[in-house]
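Below is one structure, written out as structure tokens, with a few remarks after it.
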Amino acid sequence: MYGHPAGELPNADPPEEVVRHPDFFFDNTLVAIQVENTLFNVHKYQLMKSEVFSDMFKMPRTEGDAEEGSSPQRPIVMKGIPASDFADLLKVLYASLFSSNQPVPDAALLIPAFRLANILNFSELRDYLLPLAEKDLSDVEKIEFAREFDIKDWLAPAHMRLCLREKPLTTVEAKKLQCLYKHGHY
């Protein structure tokens, strides 16, 4: 090694090109997002799964202008969304899709997560959550879900199962259904 410039090896082959793994080389850039009075710091690569965020990040910006979301002092401000719903979306988004024992979100988490996945166009997340909703929601919840997200195929079967089941509607179920029909959501 003596007599060679630092870092050079005699007769060394040229270095091979190093490539980034397509699935496991993550952009660890964090994006600050304010929802209501809550700040979130989220990995940009997770947000890029959303068509809405992806398009936002591709927009040209003024040189020298700090990018929106680049710090907690300059967050992306999202209005009209409850912070708890955004947190639910992130819980589902960050659950490992590679895990064999991935936790199945319950209805209280699934519905707001699907709502925001739909609004923000996280198509893969929507595709993942929809069959879970169909499998795990009660018939009354399916009717609510189908009405909110315009899934007409779910309505008739859920209504039929409610009509044919032996157990009568609970007071809570009846109130939910009455509220749906009272406000013209039928």
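Numbered per full-length UniProt numbering, the sequence shown spans residues 1 to 186. Backbone N, C-alpha and C define an ideal beta-carbon position, used for all residues, glycine too. Predicted model only: the values in this text are computed from it and were never measured.
### Query
Taking the C-alpha atoms as reference points, what is the distance between residue 85 and residue 116?
Here residue 85 refers to the residue found at position 85 when the sequence shown is read from its first residue. Here residue 116 refers to the residue found at position 116 when the sequence shown is read from its first residue. A direct Cα-Cα distance of roughly 7 Å separates residue 85 from residue 116.
#### Entry: Option in 138, 75, 114, 163 with minimal Cα separation from residue 32
One-based indexing of the sequence shown puts residue 32 at position 32. The shortest CA-to-CA distance from residue 32 to any of 138, 75, 114, 163 is the one to 75.
#### Entry: Close Cβ partners of residue 92 (< 6 Å) along its chain, the five nearest in sequence each way excluded
Residue 92 sits at position 92 when you count from the first residue of the sequence shown. Excluding residues within five positions, the ones whose Cβ falls inside 6 Å are 105, 113.
### Task
Can you tell me the Cβ-Cβ gap for residue 26 and residue 45, rounded? I've got them flagged as a contact below 8 Å.
Taking the sequence shown and counting its residues from 1, the one referred to as residue 26 is at position 26. Taking the sequence shown and counting its residues from 1, the one referred to as residue 45 is at position 45. That pair is a contact at about 5 Å.
### Query
So, residue 154 versus residue 135, is the Cβ gap smaller than 7 Å?
Counting from one through the sequence shown, the residue named residue 154 turns up at place 154. Counting from one through the sequence shown, the residue named residue 135 turns up at place 135. No; because the gap between Cβ atoms is not below 7 Å, this pair is not in contact.
### Message
So for residue 28, helix, strand or coil by DSSP?
### Response
Your numbering for residue 28 matches position 28 in the sequence shown. Annotated three-state conformation of residue 28 is coil, per DSSP.
### Task
Would you mind listing the alpha helix (DSSP H) stretches within the stretch 76-100 that are 4+ residues and don't spill past its ends, in chain order?
As far as the stretch 76-100 is concerned, its whole alpha helix (DSSP H) runs of at least 4 residues are 83-94.
### Task
Could you check how far apart the C-beta atoms of residue 83 and residue 29 are, in whole angstroms? I think they sit under 8 Å.
Here residue 83 corresponds to residue number 83 of the sequence shown, with the count starting at 1. Here residue 29 corresponds to residue number 29 of the sequence shown, with the count starting at 1. Incorrect: roughly 22 Å between the Cβ atoms, too far for contact.
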